[in-house]
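Engineer: Heads up: the sequence lines are chains A and B, in that order.
Going by the working numbering, the residue at position 90 of the first sequence is 70; the numbering climbs one at a time, nothing skipped.
Position in the second sequence counted from 1, then plus 53, gives you the working numbering.
The following block contains the structure, expressed as structure tokens.
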Amino acid sequence: MMNAANERATVELALFQIGEMLCGLDTQHVQEINHNFEITPVHRAPDYVRGVINLRGEIVTVIDLHQKFNIPPSDVQDDTQVVVVRYEEECIALLVDNIYDVVNAHPSDISTPPSNVDGISGSFISCIYRMEKNLVIVLDLEELLKK
Amino acid sequence: MVNIEDNEIFNDFIEESLDHLDGIEDDLLSIEEAGENFNEEIVNKVFRAVHTIKGGAGFLGLKNVEALSHHSENVMVKIRARELFPSPDIVSTLLDAMDTLSTMIHRHETSNEIDISSNLAALNAICLENAPPKKHKPKPEPSSLDQNPVSEAASAGVRAAANDLLLTIEHAVLDDFFKQGSFLYILQYTLFNDHEAMEEYHARIMEELNETGEVLATNLDAGASEEMIQEKDNLLVVVFATILENELMGDFFDIDPDLIQPITPEDLEQAALAPAAAPRQVQPVEEKSVEEKPVLTSAVTPAPSPPSSVLPATTAVKPKESVAKPEQKPDSLRVNVKLLDNLMTLAGELVLTRNQLIQAAASRKVKGIDNISQRLNLVTSELQEAIMSTRMQPVGNVFNKFKRIVRDLSKNLGKKIDLIIEGEEVELDKTIIESIGDPLTHLVRNSVDHGIEMPEERIAAKKPETGILRITAYHEGGQVMIAIEDDGAGINIGRVKEKVLSMGLREAAALDELSDKEIANLIFLPGMSTAKEITDISGRGVGMDVVNTNISKVGGTVDIDTIPGKGSIITIKLPLTLAIIPSLIVAVQEERYAIPQVNMVELVRIPAAKVKERIEKINSAIVMRLRGELLPLIKLSDVLGIKERYYASDDTGESLPDRRTLTEDRRQAQSDKIAGQTDTENLLLDQEQRACVDRRTSPMSAYNVLVVSVGDYHYGLIVDQVLDSEEIVVKPVGTHLRDCECYAGASVQGDGKVALILDIIGISNVMNLRTVSKSVQEQALQIAESKIMKDTQSLLLACNAPDEQIAIPLDLISRIESCPIKEIKITGGRKNIQYRGGPLPLFSINEVANVGSPDTDSLTCYIIVFSISGKEVGIIVSEIIDIVSGTFKIDEMTHKQPGIMGSAIINDEITLLVDLYGVVDTIMPEWTKALKSKVKEDSPANILVVEDSPFFLNQVVSFLSEIGYTPLTATDGRKGLEVLNREKIDIVLTDIEMPNMNGLEMARKIRADERFRNLPIIAVTSLAGDAAEKEGLDAGINDYLVKLDREKIIACVRKYLG
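Encoded structure:
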């Protein structure tokens, strides 16, 4: 599915780290990258919801990808970094551990995902991008955020 | 056909036409209702509305719309001329035509393809059937007015006057009227009337004209005096703008068509060119203009005029009411211009205030900030209010369509129904208005369909033939209530039950516990609606859950009350608005939450010292006693699963870990212990509790209980802190959080943090509180019973002398007062105190019994007030220790003496049980003598005392013997019955809880025996709760008395023994 699109042009990926993993997300989904929010916890919410933040007056749900990927949450850090994405007309913040670069991924460096990577279900992975030294797990936003 | 490029014209036309149609429906119904005495004005109004639509449609090339409105117009004309009687059939035909018009206007692109032949045929049939074939419109009815033909000379004068008048109006203004599709006329009236004074007649003409158009100029202003009128030769000349065509003018006004003179744009030019106003020049042009008229019509009758400048004919009736017109398109809203101006002013104010604030902030002037913030507060609230009011619409917009629905439905069903609508002016937020339309329609249809019976059934049920359906809107407690009330058959509770059972929605046992009202409300359950046969149930069926869901969506609630045979009331509670709601901000573990004020009933703070008394545990549920009711409580932290405990330190404001344990938990542990220790009947307060006393009384352990309401029941939510009451802006939460039932949304606080808004109903669902609430009530009954079972006694622990603990049965005490020792006066050798304007006699226990005397150093003492022989007396003690309940082993030997009944070990200490009666009897025997002597004279009756505790048995026997009876005794119910069979007994005094057979069982057995049907049975027990008492009475017990209340027991015995 991705291949057809990738043949045409490079894909811009926003890179960030979750646990030990380097992940990427197509920038066309990304609204902004932001940090330093106070997350208001929402009790009784699904595990993967860390809470909500006030993003310029809009109440945005913060999704903890550690929970989604079944990896232990990172230590509590003062500076929360989030990747704010738009998904079905709604803003959703993804809690990440570190934010890196935005890269242009050439289609030739992109391969189809294996069934799972480091325990992450393959369904969350859209494809794998091979950088010089690292492998980037490109996430499938729809799979990640659908309920 | 005009080529339309501008969609706006279309939109305007559609919006306005639909407005008109809305009004027409209403008006037609009122015409029908009035029958023969219809109001001509209303007919005119309808006519004008249809006419406007016709004009617009013609201009826009909507041929079908034009044709249909034209035919409807014809019928209206005949009705107006009273050639046609507006019978229900005719009105129905017209209504159908209006419906078709509405459909065509909605789908204007394809309107020309819609088949309207049946409508046209029906309308034509009406015209042909009833009307004389005369095509020409009837002349206005012969009026009382004497319309003298105007002489040539006068006519010339008129023209001159008219031209002068025209010149007083700016050309541009007249041009505008032409552009808006209006026609201009010069009208002449002769102000001569037999019946009216001239000025009145003048005023009447003006009024009439203004209803249909606009008077631009006149030679005689309104309010002109008779002299002024005479000065003008009784001649009134008016320049008049209206959308009515020349042919129709005669129909609308009391005026000879010859005296109507149309003006064309050409006339205006001519008039402008020839200010001298030569009448001859005007005349030919006029004639020409008549021929030009059709051209003019199609060319210049453009989109209907915007409402703010010139009001179209129909709205002209009440021009001031243009504010909240019902709107058909969800994306537009009509706002009163005044309101808009007000908004502008407020926006200006806001800008000014901002400037001030910026200045003050820049110059770091703290002083001015206070003023500015106050001003900002004011402006913001006004602005908010004004903006909100633009969204407010009268609920009548929704209600009005019910007239038609009820009329049509009742006609189809052959029912007679009077619809009464009240409170149409009550306003609600636009979004709410939009969303309640369908649910309300549904409810109204149901009421008509299933609620109100057929006329013959009603007559059979001795009800008026015509049913009444009342729809009322009113304000209550900051909410809007809408009640739909019918006097129909009501809901058949039995069949709802059957249905619920057959659907498996509830267990049969659970249903039995529900009240009728609760069962009626079950029709809102989902599933109840899916089956079609539910409509057979007299109740409302299909889609009631949808009604409920839709109303809940906008934050409302629905409730049904029904009386079989009498009717039903469905009450809908709605919030005024959704966007901004007043709410209470609370905190749990440092997290803030908002609770909408509409859900709040009250705030209760239970001080730490009272927690033990007020909060109880029934099974796993915590409950609170609130004015005699048991209220289920939940901790918000439990609901949300917040674990760590912190509390804000009073001194530092820091968060500290809270080490308090929950008092009611401890209490539970304690009462478990009591239960386990009943064998030894020895109560030990655990050491831990004593050690905790200090912490228990600290304000930290106080409970803040928010009593909230969920429809018909309440519950309490325990929070750590109640912070503030705020108006919050409701924001939706993301899709991932929609499934958490606990939240209704979120809001951003002043400091930018997010506070979640709690969904009180959701929480109650999540915690299953409705069932808890029920089971709590049931268990309260059981507990009351079980308390009797345990035969517990509540005692007030006090001490008179240090280290000497005394106990007084709590039930005998009226109240406890504290008073300074120096206020106790000794008069005539007796202690007393001034109390409520009279002396209160005081006794000390050491006066009668050999006990220690009070500590003389203390400054205050406590007075335990009780009553004896109708007198209030007080016993002085130096300290109050506690109130204990439990079963105590009473030793009546060791310490027995006057004023002391016996002793028990309570809280590890030997405690003396005070005999209040004994104290008074010893000191003032004459106070109790009257009571004794009277009874002694009676013939001794046989009293049976059944009591298992030897102490209480002896007590009762002793005071009964004191007054001359020799009671028989039994130690349990079974033995009591044996005695009863053996001896002749006149009255039974019995304890409730006894081994082998308890008092209730015995009472039932006694009552079952024919011989003892009328034997008085008096229960003498330690705890008389309402529930227990009721059960006792059910078992056949005549009276319920408290153990050791000697006076009452004697009085009661006397009462039954005659």
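Even for Gly, the Cβ is constructed at its ideal location relative to N, Cα and C.
None of the values given here were measured: they were computed from a predicted structure.
So the candidates are B:A134, B:E89, B:I934, B:N117; which of them puts its Cα closest to the Cα of B:N97?
Structural biologist: Nearest C-alpha to B:N97: B:A134.
Engineer: Whose Cβ in chain A lies nearer than 7 Å to the Cβ of B:L693?
Structural biologist: Per Cβ cutoff of 7 Å: H23, R24.
Engineer: Taking only beta carbons into account, state which residues of the segment 41 to 68 of chain A come closer than 8 Å to chain B, listed in chain order.
Structural biologist: The residues in question are T41, I43, E68.
Engineer: In whole angstroms, what is the alpha-carbon distance linking B:V37 and B:V600?
Structural biologist: The first residue shown for chain B is 54 and the last is 1111, placing residue 37 of chain B beyond what the model contains.
Engineer: Less than 8 Å between the CB atoms is what I'm expecting for A:V63 and A:V(-9), so what's the real figure, rounded?
Structural biologist: That pair is no contact at about 16 Å.
Engineer: Which residue's Cα is closest to the Cα of B:D974: B:Q950, B:I959, B:L965?
Structural biologist: Per the Cα distances, B:Q950.
Engineer: Please tell me whether B:I167 and B:T156 are closer than 8 Å, where the distance is taken between their beta carbons.
Structural biologist: Yes, the Cβ-Cβ distance between B:I167 and B:T156 is below 8 Å.
Engineer: Compare the C-beta of A:T92 with all C-beta atoms of chain B and state if any pair is closer than 8 Å.
Structural biologist: So no, A:T92 is outside the interface.
Engineer: What does the alpha-carbon distance come out to for the pair B:P1048 and B:A1104?
Structural biologist: Cα-Cα distance, rounded: 28 Å.
Engineer: Would you call the segment -5 to 15 of chain A in contact with the segment 64 to 84 of chain A, where contact means no fewer than 3 C-beta pairs closer than 8 Å?
Structural biologist: Touching, yes.
Engineer: Could you check where the alpha helix (DSSP H) with B:E779 kicks off and where it finishes?
Structural biologist: Premise fails: B:E779 lies in the beta strand (DSSP E), 774 to 782, not in any alpha helix (DSSP H).
Engineer: Is B:M1055 helix, strand or coil when you go by DSSP?
Structural biologist: Note: B:M1055 maps to helix in three-state DSSP.
Engineer: Going straight from the alpha carbon of B:P1069 to that of B:G1017, what length do you get?
Structural biologist: So the two alpha carbons sit approximately 19 Å from each other.
Engineer: Taking just the CA atoms, how far does B:I485 sit from A:D6?
Structural biologist: So the alpha carbons of these two residues sit roughly 40 Å apart.
Engineer: Can you find the residues in the same chain that come closer than 6 Å, C-beta to C-beta, to B:S70, ignoring five residues on each side of it along the sequence?
Structural biologist: Hits under 6 Å: I106, I158.
Engineer: Using only CA atoms, which one of A:T41, A:G37, A:N34 lies nearest to A:Y28?
Structural biologist: Minimum Cα distance to A:Y28 is reached at A:T41.
Engineer: So that I know if they touch, is there some Cβ in chain B lying closer than 8 Å to that of A:I72?
Structural biologist: Judged by the 8 Å Cβ criterion, A:I72 is in contact with chain B.
Engineer: What residues in the segment 626 to 648 of chain B have a beta carbon less than 9 Å from any beta carbon of chain A?
Structural biologist: Residues E644, R645.
Engineer: In the DSSP assignment, find the unbroken alpha helix (DSSP H) run with B:D149 in it and report its ends.
Structural biologist: Taken as a continuous stretch (DSSP letters only), the alpha helix (DSSP H) holding B:D149 covers 141 to 159.
Engineer: Residues of chain B with a CB under 8 Å from the CB of A:N34: which are they?
Structural biologist: V801, G805, K806, V807, listed in chain order.
Engineer: Who are the Cβ neighbours of B:V904 in its own chain at under 8 Å, not counting the five residues just before and after it?
Structural biologist: Only N853, A854, E857, I859, I898, I953, L965 meet the Cβ criterion.
Engineer: Apart from the five residues on each side of it in sequence, which residues of its chain come closer than 8 Å, Cβ to Cβ, to B:S867?
Structural biologist: Result list for B:S867: V918, F919, S920, E925, in chain order.
Engineer: Could you give the first and the last residue of the continuous beta strand (DSSP E) run that contains B:P649?
Structural biologist: From DSSP, the beta strand (DSSP E) with B:P649 extends over 644 to 649.
Engineer: Take the Cβ of B:T880 as the centre, count every other Cβ of all protein chains shown within 10 Å, and call the residue buried at 16 or more, exposed below.
Structural biologist: With fewer than 16 other Cβ atoms within 10 Å, it is exposed.
Engineer: Between the C-alpha atoms of B:N960 and B:L893, what's the straight-line distance to the nearest angstrom?
Structural biologist: For B:N960 and B:L893, the distance between alpha carbons rounds to 32 Å.
Engineer: Strictly under 8 Å for the Cβ-Cβ distance: is A:I(-2) near chain B by that measure?
Structural biologist: A:I(-2) does not count as touching chain B.
Engineer: Output the distance between the C-alpha atoms of B:S956 and B:I861, rounded to the nearest integer angstrom.
Structural biologist: Answer to the nearest angstrom: the Cα atoms are 11 Å apart.
Engineer: How is B:D491 classed by DSSP in three states: helix, strand or coil?
Structural biologist: Correct three-state label for B:D491: helix.
Engineer: For B:P139, is the classification buried or exposed, using 16 other Cβ atoms within 10 angstroms of its Cβ as the cut-off for buried?
Structural biologist: By the neighbour-count rule (16 or more Cβ atoms within 10 Å), B:P139 is buried.
Engineer: Name the chain A residues that come within less than 9 Å of B:L811, Cβ to Cβ?
Structural biologist: The premise fails here: B:L811 is roughly 11 Å from chain A at the closest Cβ pair, so nothing lies under 9 Å.
Engineer: Put B:G88 into one of helix, strand or coil per three-state DSSP.
Structural biologist: Correct three-state label for B:G88: helix.
Engineer: Measuring alpha carbon to alpha carbon, tell me which of B:T271, B:F896, B:M946, B:I535 ends up nearest B:G927.
Structural biologist: For the residues B:T271, B:F896, B:M946, B:I535, the minimum Cα distance to B:G927 belongs to B:F896.
Engineer: Check for me: the beta strand (DSSP E) holding B:M653 runs from which residue to which?
Structural biologist: Unbroken beta strand (DSSP E) run through B:M653: 653 to 659.
Engineer: Under 6 Å Cβ to Cβ from B:P186, same chain only, skipping five residues before and after it: list those, please.
Structural biologist: A caution first: B:P186 carries a pLDDT of 43, below 50, which makes its placement in the model unreliable, though a value can still be read off. Counting only Cβ-Cβ distances below 6 Å, and skipping sequence neighbours, we find nothing.
Engineer: What is the DSSP secondary structure of B:I485, reduced to helix, strand or coil?
Structural biologist: DSSP places B:I485 in helix when its eight states are reduced to three.
Engineer: Can the beta-carbon of B:G1052 be found closer than 8 Å to that of B:I1045?
Structural biologist: Contact: yes.
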